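Undergrad: Structure below; questions to follow.
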Ligand code: SF4
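Residue numbers (this note's numbering): 10 to 359.
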């Protein structure tokens, strides 16, 4: 995008005189980047950015943390992305369990977790598999490799989710969806195109200042025309067909299942579970885990934030009881969480 094009995009934002518009940042990284890059300050008064459910750690229910702690307390080494460690469970976080002696290792990829399992044959090692289509392929790759190599001390606790059913559940909560670029780099654009026929508008956005500015300008210009629309404003990464090899990998290893989302409840067929072929890697089955139902802090409004019903500032605990150093809910912990973005970049900003 040239300097002139950037100026044009900024001019489109400044000159918008259409109706009140609610744009949902489905992806938590968009929430953070729109704050960090100052894009929010460029938006006209009648345009509201609201956060959505695209933070994988945030939408993972409390019960999943409790399940991970149950495993940790049954002599299983937990390997996980760092954000999950500090998310409060019903009574404690994995960080608190670690302080009590549980083995909790932070890894950067599922393959790191598998490598840890290879190097520690005397430990049972479980990887906490959360995230959307973006991160699922790496978990599937680890499962395939573990299976192929016959690694018996490795398993996965799976709470992966997929976006299509979430879009359906969120229909009507925003005028325009800012679609998550990384998810659609895997799945392609067909779903977004199909949603136009159901009256759902959206723009697929990248993550740089230019890409976000362009996406916002496109959203505002198209919204003024009054017809449902979809525009791929991230074509350098998202191709219409997505990444077929990654989709095929997911389909080989996992299958759709019903899934519980923090804030959105149980959404049929919106989750992924290991296929029967990989049942020996399923930590719930392998360790005979009982059914565990978590209970979130009743004062936490993460669910309302994730549905776009309120902003973090509307939560009475925001910035007082709940801060990044002392988080009450997942949205204040995660690097993609809306509450953490509002806290980090200024709750007073629009
Ligand atoms: S500010 Fe804290 S308590 Fe309030 S919704 Fe966000 S995470 Fe939950």
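By construction, the Cβ of each residue, glycine as well, lies at the ideal position given by its N, Cα and C atoms.
Computed from a predicted structure; not experimentally measured.
On the DSSP letters alone, give me the boundaries of the alpha helix (DSSP H) that residue 349 sits inside.
TA: Taken as a continuous stretch (DSSP letters only), the alpha helix (DSSP H) holding residue 349 covers 347-354.
Undergrad: Determine the contact status of residue 229 and residue 35, defining contact as a CB-CB distance below 8 angstroms.
TA: No, they are not a contact pair.
Undergrad: From the DSSP output, read off the bridge partner residues of residue 57.
TA: Residue 57 is bridged to 31.
Undergrad: Let's see if you can read the secondary structure: which residues bound the alpha helix (DSSP H) around residue 285?
TA: Per DSSP, residue 285 belongs to no alpha helix (DSSP H) and is neither H nor E.
Undergrad: Cβ of residue 321 versus every heavy atom of the ligand SF4: is any distance shorter than 7 angstroms?
TA: Answer for residue 321: yes, Cβ within range of the ligand SF4.
Undergrad: Pop quiz: residue 18 and residue 226 are said to be a contact at Cβ under 8 angstroms. What is the actual Cβ separation, rounded to whole angstroms?
TA: Their Cβ separation, rounded to whole angstroms, is 4 angstroms, which keeps residue 18 and residue 226 in contact under 8 angstroms.
Undergrad: Mark residue 342 as exposed unless 16 or more other C-beta atoms lie within 10 angstroms of its C-beta, in which case mark it buried.
TA: It counts as buried.
Undergrad: From residue 86 to residue 112, what does the alpha carbon distance come to, in whole angstroms?
TA: Roughly 5 angstroms separates the two Cα atoms.
Undergrad: Could you tell me which whole alpha helix (DSSP H) segments of length 4 or greater appear in the segment 213-280?
TA: Taking only runs of at least 4 residues, the alpha helix (DSSP H) segments lying wholly in the segment 213-280 are 218-232 and 253-262.
Undergrad: Considering only their Cβ atoms, is the gap separating residue 103 from residue 94 smaller than 8 angstroms?
TA: Going by C-beta atoms, residue 94 is nearer than 8 angstroms to residue 103.
Undergrad: Residue 214: buried (16+ other C-beta within 10 angstroms of its C-beta) or exposed?
TA: Its Cβ being crowded by 16 or more others within 10 Å, residue 214 is buried.
Undergrad: Quick check on the DSSP output: the beta strand (DSSP E) that includes residue 137 runs from which residue to which?
TA: 133-138 is the extent of the beta strand (DSSP E) around residue 137.
Undergrad: What do you reckon, are the CB atoms on residue 237 and residue 205 nearer than 8 angstroms?
TA: Taking 8 angstroms as the Cβ cut-off, residue 237 and residue 205 qualify as a contacting pair.
Undergrad: Give every residue of the same chain whose Cβ lies closer than 8 angstroms to the Cβ of residue 357, excluding the five residues on either side of it in the sequence, and list them in chain order.
TA: Only weak support exists for where residue 357 lies, its pLDDT of 49 falling under 50; the coordinates are left without a value.
Undergrad: With a threshold of 7 angstroms, establish whether the CB of residue 327 neighbours any heavy atom of the ligand SF4.
TA: For the ligand SF4, at least one heavy atom lies less than 7 angstroms from the Cβ of residue 327.
Undergrad: Would residue 170 be called buried (16 or more neighbouring beta carbons within 10 Å of its own) or exposed?
TA: Answer is buried; the Cβ neighbour count reaches 16.
Undergrad: Going along the chain, which unbroken runs of the alpha helix (DSSP H) with 4 or more residues stay wholly within the segment 161-211?
TA: Entirely contained in the segment 161-211, the alpha helix (DSSP H) runs reaching 4 residues are, in chain order, 172-179, 190-196 and 199-206.
Undergrad: Please indicate yes or no: does the CB of residue 307 lie closer than 7 angstroms to some heavy atom of the ligand SF4?
TA: No, the ligand SF4 has no heavy atom inside 7 angstroms of this Cβ.
Undergrad: Comparing alpha-carbon positions, which option in 207, 141 and 166 lies nearest residue 185?
TA: The candidate whose alpha carbon is nearest that of residue 185 is 207.
Undergrad: Under 8 angstroms between the Cβ atoms of residue 99 and residue 71?
TA: Yes.
Undergrad: When we look at the beta-carbon of residue 359 and count the other beta-carbons within 10 Å, is it buried (16 or more) or exposed?
TA: Unreliable placement is indicated for residue 359, whose pLDDT of 42 sits below 50; the coordinate value is still reported in the next sentence. Residue 359 is exposed by the Cβ-count criterion.
Undergrad: Under the rule that 16 or more other beta-carbon atoms within 10 Å means buried, what is residue 20, buried or exposed?
TA: Under this definition residue 20 is an exposed residue.
Undergrad: Is residue 1 near the ligand SF4, with its Cβ less than 7 angstroms from a heavy atom?
TA: Because the chain in this structure spans residues 10 to 359, residue 1 falls outside the shown range and cannot be described.
Undergrad: When the Cβ atoms of the segment 178-198 are set against those of the segment 149-165, are three or more pairs found closer than 8 angstroms?
TA: Not touching, per the Cβ criterion.
Undergrad: Under three-state DSSP, which class holds residue 88?
TA: Of the three classes helix, strand and coil, the one that applies to residue 88 here is strand, per DSSP.
Undergrad: Check for me: the beta strand (DSSP E) holding residue 113 runs from which residue to which?
TA: Start and end: 113-115.
Undergrad: Helix, strand or coil for residue 149, going by three-state DSSP, please let me know.
TA: Reduced to three states, the DSSP call for residue 149 is helix.
Undergrad: Say the cut is 7 angstroms; is the CB of residue 310 nearer than that to a heavy atom of the ligand SF4?
TA: Yes.
Undergrad: Sorted by chain position, which residues of the same chain lie with C-beta nearer than 8 angstroms to residue 294's C-beta, five sequence neighbours on each side aside?
TA: So the list reads 288, once near-sequence residues are dropped.
Undergrad: Would the C-beta of residue 314 count as close to the ligand SF4, meaning under 7 angstroms from any of its heavy atoms?
TA: Correct: residue 314 has its Cβ closer than 7 angstroms to the ligand SF4.
Undergrad: Beta-carbon within less than 8 angstroms of residue 247's beta-carbon, same chain only, minus the 5 sequence neighbours each way: which residues are those?
TA: Contacts found: 190, 193, 194, 197, 198, 213 and 241.
Undergrad: Out of 217, 24 and 140, state which residue places its alpha-carbon closest to the alpha-carbon of residue 45.
TA: Closest option to residue 45, Cα to Cα, is 217.
Undergrad: For the structure I just gave you, are there three or more beta carbon pairs, one from the segment 257-272 and one from the segment 135-147, closer than 8 angstroms?
TA: Touching, per the Cβ criterion.
Undergrad: Buried or exposed for residue 117, going by 16 or more other Cβ atoms inside 10 Å?
TA: Residue 117 comes out exposed.
Undergrad: In terms of residues, what are the limits of the alpha helix (DSSP H) holding residue 107?
TA: Residues 103-108.
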